[in-house]
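Residue numbers (the numbering used here): 181 to 337. Notes follow once the structure below has been shown.
Dropping the structure here:
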């Protein structure tokens, strides 16, 4: 057995953090969506070969429990992470949220919804929007003065 001289301190720190969070939740309410039981998965959006690629972390979510929809220029990832089924468990710690989730984001309006592809592999949902990232070259914009220039006169000491 390894000796951990600060274990008691870290246990105490964790307990104080938990109590502080409970108190703050009482004053300020639940985090967005938490009260309704809806959580938002973390996502990454990046360009790859001219395509817009979105990764959503969905470990433990089955394929049949995920929906990807497009409405105008809004892409929505929604579904449900179900709790462990058929097992009597007593959690010591559970940080992964369960229940309904939803994440919406704006996408370029010119994306053809029929060309969007989605795959779920190893707990990561990948949504590819082909051709959604245009090659944009930076352009310097000239700034003009808003009127005549004024000269301030004064004495120098």
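Idealized CB from N, CA, C, for every residue including glycine.
Q) Under a three-way DSSP split, which group does residue 270 fall into? A) coil
(Q) Nearest by alpha-carbon distance to residue 258: which of 264, 271, 285 and 232 is it? (A) 285
Q.
With three or more beta-carbon pairs closer than 8 Å as the criterion, would you say the stretch 230-249 touches the stretch 288-305?
A. yes
Q: Out of 239, 217 and 293, point me to the one whose CA is closest to residue 223's CA.
A: 239
Q. Less than 8 Å separating the beta-carbons of residue 220 and residue 281?
A. yes
Q: Have a look at 294, 279, 254 and 276 and flag the residue whose alpha-carbon is nearest the alpha-carbon of residue 287.
A: 254
Q | Spatial neighbours of residue 217 in its chain, beta-carbon cut-off 7 Å, leaving aside the 5 residues before and after | A | 279 and 280
Q. Using a Cβ-Cβ cut-off of 6 Å (strictly less than) and excluding sequence neighbours within five positions of residue 243, which residues of its own chain qualify?
A. 300
Q.
The beta strand (DSSP E) that contains residue 321, what's its start and end?
A. Note, residue 321: premise wrong, no beta strand (DSSP E); not H, not E.
Q: Please list, in chain order, all residues of the same chain as residue 241 whose beta carbon is under 7 Å from its beta carbon, the five residues on each side excluded.
A: 259 and 261
Q) What separation, rounded to the nearest whole angstrom, lies between the Cα atoms of residue 319 and residue 296? A) 30 Å
Q. Residue 229 by DSSP, collapsed to three states: which one?
A. coil
Q.
Between the alpha carbons of residue 229 and residue 249, how many angstroms are there, rounded?
A. 23 Å
Q.
Please report the straight-line C-alpha distance between residue 310 and residue 270, rounded to a whole angstrom.
A. 45 Å
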